[in-house]
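Numbering (this note's numbering), first residue to last: 186 to 506.
By construction, the Cβ of each residue, glycine as well, lies at the ideal position given by its N, Cα and C atoms.
Input: a single structure, listed below in structure tokens.
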């Protein structure tokens with residue numbers, strides 16, 4: 186099954202409001218998956234939109250605690266997909282590392298991420314400001330999201346999710362917040378109102394998430410990450426304030442420099458006015474794309490301990506298999 190719903194697959198009518206985006210948008214894939222040229226563009230009412238700048242953070246006129254999430258990498262997915270923040274219209278693409286396509290490391294016993302991973306639209310972690318909790322600069326990206334449990338989505342799927350809490354990850358001396366959410370379509374969503382409700386429904390899951398973010402850099406030959414606030418998860422109230430602060434940072438940059446270039450990756454503010462659907466390329470570059478693919482990276486496991494504990498407390502070095 187294709188990892189997206191194309192225009193040909195969709196019989197949905199076109200609507201022009203952001204509040205209808207989740208039900209009405211379609212996706213325009215360009216190129217072949219698992220190539221450097223592959224892109225997935227977002228299309229609504231025959232206009233291409235940026236999932237970062239044009240998709241509203243809050244559904245309709247509502248605000249907290251429900252937000253939109255753009256799925257980049259589904260749980261157990263190998264290809265490290267991401268919103269291309271440096272490209273016009275911010276399509277979804279596969280990340281590149283050292284000239285080759287990047288894959289999510291398999292931290293044994295997990296395959297890829299043990300959660301659905303994505304981003305919050307219209308948010309910006311301003312790298313010119315120190316985070317008030319960690320006192321370290323932010324990473325200059327949109328806020329990252331981890332959706333707990335639920336059905337496996339498709340890459341580029343847009344969801345309405347409920348905010349539960351957050352985790353500060355210190356990645357190469359920069360603050361990289363992970364917002365923890367639950368899909369409103371999840372049957373357990375009504376039972377989860379704050380981060381403190383998760384353990385009773387999903388025992389060990391939060392500890393596993395913390396340990397995964399602590400050690401995954403070891404698989405790349407780097408030092409393990411440090412968790413901000415000694416790994417303490419922040420509650421919903423704090424997290425909603427964090428989201429609003431990053432939303433304000435996004436708005437401030439948009440208002441001050443609407444024509445900025447890709448030096449801080451927001452060159453395509455408000456691209457919804459550009460009806461560029463019919464000018465996108467239809468084919469990939471004519472070359473041997475197999476050289477981009479590293480099949481070992483997608484399948485190998487990284488053993489961080491002889492026996493990964495179910496409540497996640499392991500330490501140690503990474504062994505590549």
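Exercise for review: Let me know if residue 180 comes out buried or exposed under the rule of 16 or more other beta-carbons within 10 Å of its beta-carbon.
Suggested key: Since the first residue of the chain shown is 186 and the last is 506, residue 180 is not available in this structure.
Review point. Mapping DSSP to helix, strand and coil, what is residue 472?
Key: Annotation note: pLDDT 41 at residue 472 (below 50); position unreliable, coordinate value reported separately. If DSSP states are grouped into helix, strand and coil, residue 472 belongs with coil.
Check your understanding: Roughly how many angstroms separate the alpha carbons of residue 288 and residue 259, rounded to a whole number?
Key -> Computed Cα separation, rounded: 12 Å.
Point to revise | From 336, 374, 418, residue whose alpha carbon lies closest to that of residue 393 | key: Checking every option, the nearest Cα to that of residue 393 belongs to 418.
**Study point:** Beta-carbon proximity of residue 386 to residue 373, cut-off 7 Å
**Key:** Cβ atoms of residue 386 and residue 373: closer than 7 Å.
Check your understanding: Near residue 276, what residues of its chain come up, given a Cβ to Cβ distance below 6 Å and the 5 sequence neighbours on each side ignored?
Key -> Cβ within range, chain order: 224, 225, 226, 269.
Check your understanding: Residues in its own chain within less than 7 Å of residue 236 by CB, not counting five upstream and five downstream?
Key -> Excluding sequence neighbours, residue 236 sits near 227, 255, 268, 275, 306.
Point to revise | Supposed contact pair residue 413 and residue 355 - C-beta distance, whole angstroms, cut 8 Å | key: Confirmed, Cβ separation roughly 6 Å.
Check your understanding: Since residue 432 contacts residue 308 with CB under 8 Å, what's their CB separation in whole angstroms?
Key -> That belief holds up - the Cβ atoms of residue 432 and residue 308 are roughly 6 Å apart, short of 8 Å.
Review point. Whole-angstrom Cβ separation of residue 207 and residue 346, contact assumed at under 8 Å?
Key: About 11 Å separates the two Cβ atoms, so there is no contact after all.
**Study point:** Inter-residue CB distance, residue 338 and residue 315 (contact presumed, cutoff 8 Å)
**Key:** Incorrect: roughly 34 Å between the Cβ atoms, too far for contact.
Review point. From residue 440 to residue 240, what does the alpha carbon distance come to, in whole angstroms?
Key: The straight-line gap from Cα to Cα measures roughly 17 Å.
Point to revise | Cβ neighbours of residue 435 in the same chain (closer than 6 Å, five flanking residues each side left out) | key: 307, 308, 309, listed in sequence order.
Point to revise | Bridge partner(s) assigned by DSSP for residue 229 | key: The partner list for residue 229 (beta bridge, DSSP) reads 232.
Check your understanding: Closest by CA to residue 311, which one among 359, 352, 421?
Key -> Closest by alpha carbon: 359.
Exercise for review: Report all residues from its chain with a CB closer than 7 Å to the CB of residue 416; omit the five preceding and five following residues, and keep chain order.
Suggested key: The answer, listed in chain order, is 395.
Check your understanding: So residue 348 packs on residue 421, CB below 8 Å; how close in whole Å?
Key -> In this structure, residue 348 and residue 421 form a Cβ contact; the two beta carbons are roughly 6 Å apart against a cut-off of 8 Å.
Practice item. Could you check what DSSP says for residue 238 in three-state terms: helix, strand or coil? Key: It is coil, neither helix nor strand.
Review point. Tell me the DSSP bridge mates of residue 251?
Key: In the DSSP assignment, the residues bridged to residue 251 are 347.
Exercise for review: Compute the Euclidean distance between the alpha carbons of residue 370 and residue 381, then round it to the nearest angstrom.
Suggested key: Straight-line Cα distance between these residues: approximately 20 Å.
Review point. In whole angstroms, what is the alpha-carbon distance linking residue 231 and residue 271?
Key: Their backbone Cα atoms lie some 23 Å apart in a straight line.
Exercise for review: Would you check if the distance between the CB atom of residue 292 and the CB atom of residue 401 is smaller than 7 Å?
Suggested key: Cβ distance < 7 Å, so residue 292 and residue 401 count as in contact.
Check your understanding: Any beta-carbon of chain D closer than 7 Å to the one on residue 429?
Key -> The chain labelled as chain D is not found in the depicted structure, where only one protein chain is given.
Point to revise | residue 266 and residue 340 closer than 7 Å at C-beta | key: A Cβ-Cβ contact shorter than 7 Å links residue 266 with residue 340.
Check your understanding: Going by DSSP, which residues form a beta bridge with residue 313?
Key -> Paired residue(s): none; residue 313 is not in a bridge.
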